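Novice: Sequential numbering from 6 applies to the sequence shown in the numbering used here. Beta carbons are placed, not taken as given, at the ideal position from N, Cα and C, and that holds for glycine. Note that this is a predicted model, so its numbers are computed, not measured. Following this message is one structure expressed as structure tokens.
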Amino acid sequence: MKPRNISCFIVLSVVMATLLCSVALAFGESGKRLGLSLSLYDFPAVALRQIGRASELYVDSVRLPIDWNIVEPKKGEFRWGEYERVIGAAEGKGFEVVGVLGPTALWASGAGTNEAPEVRAAKMPEDWAAWRLSLIHI
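As structure tokens, this is what we get:
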């Protein structure tokens with residue numbers, strides 16, 4: 006990258022950062038709603054840290070991906086403990102929790118068993134009746 010291009014990039018970056026901060030302040034002060042999407046990476050530890058830091062932002066809700074593999078790792082075996090901790094922490098800080106369903110449990114995926122787990126999780130459920138029954142427990 007040429008020196009002139011680097012200077013332009015730095016100036017543009019500073020302008021964009023200033024603009025984004027101004028927008029966040031304006032939204033926060035005007036009472037408009039903003040949210041934060043929580044991570045499933047190293048769940049629930051990272052999500053809990055994100056909730057702890059979210060109170061520093063102008064957000065009033067958190068988006069929580071609900072991983073079917075965590076909630077129902079085996080057909081009919083439900084484990085809500087980690088999600089209950091995250092939801093309780095978010096509600097304790099006054100955040101509205103918006104749940105988002107997915108990805109598909111590996112045992113329920115329409116993909117072949119010889120495919121990689123991340124590919125199987127991205128596929129739609131093979132048995133939609135099982136998916137509907139799982140939703141009843143949410």
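Helix or strand or just coil, what does DSSP make of tryptophan 136?
Specialist: Translated into positions along the sequence shown, residue 136 becomes position 131. DSSP places tryptophan 136 in helix when its eight states are reduced to three.
Novice: Compare the Cα-Cα distances from alanine 113 to each of Tyr63, Ile75, Phe48 and report the closest residue.
Specialist: Numbered from 1 along the sequence shown, position 108 holds the residue referred to as residue 113. If we check each option's Cα against that of alanine 113, Ile75 comes out closest.
Novice: Helix or strand or just coil, what does DSSP make of arginine 54?
Specialist: Looking up residue 54 in the sequence shown gives position 49. DSSP places arginine 54 in helix when its eight states are reduced to three.
Novice: Can you list, in chain order, the residues of its chain with a C-beta nearer than 7 Å to that of arginine 38? Leave out the 5 residues immediately preceding and following it.
Specialist: Translated into positions along the sequence shown, residue 38 becomes position 33. Contacts found: Asp65, Ser66.
Novice: Per the contact definition of three or more C-beta pairs closer than 8 Å, is the region 126-137 in contact with the region 92-102?
Specialist: No, the region 92-102 is not in contact with the region 126-137.
Novice: Threshold first: 4 residues or longer. Then list the alpha helix (DSSP H) segments lying entirely within the region 60-102, N to C.
Specialist: Runs found: 73-76, 86-97.
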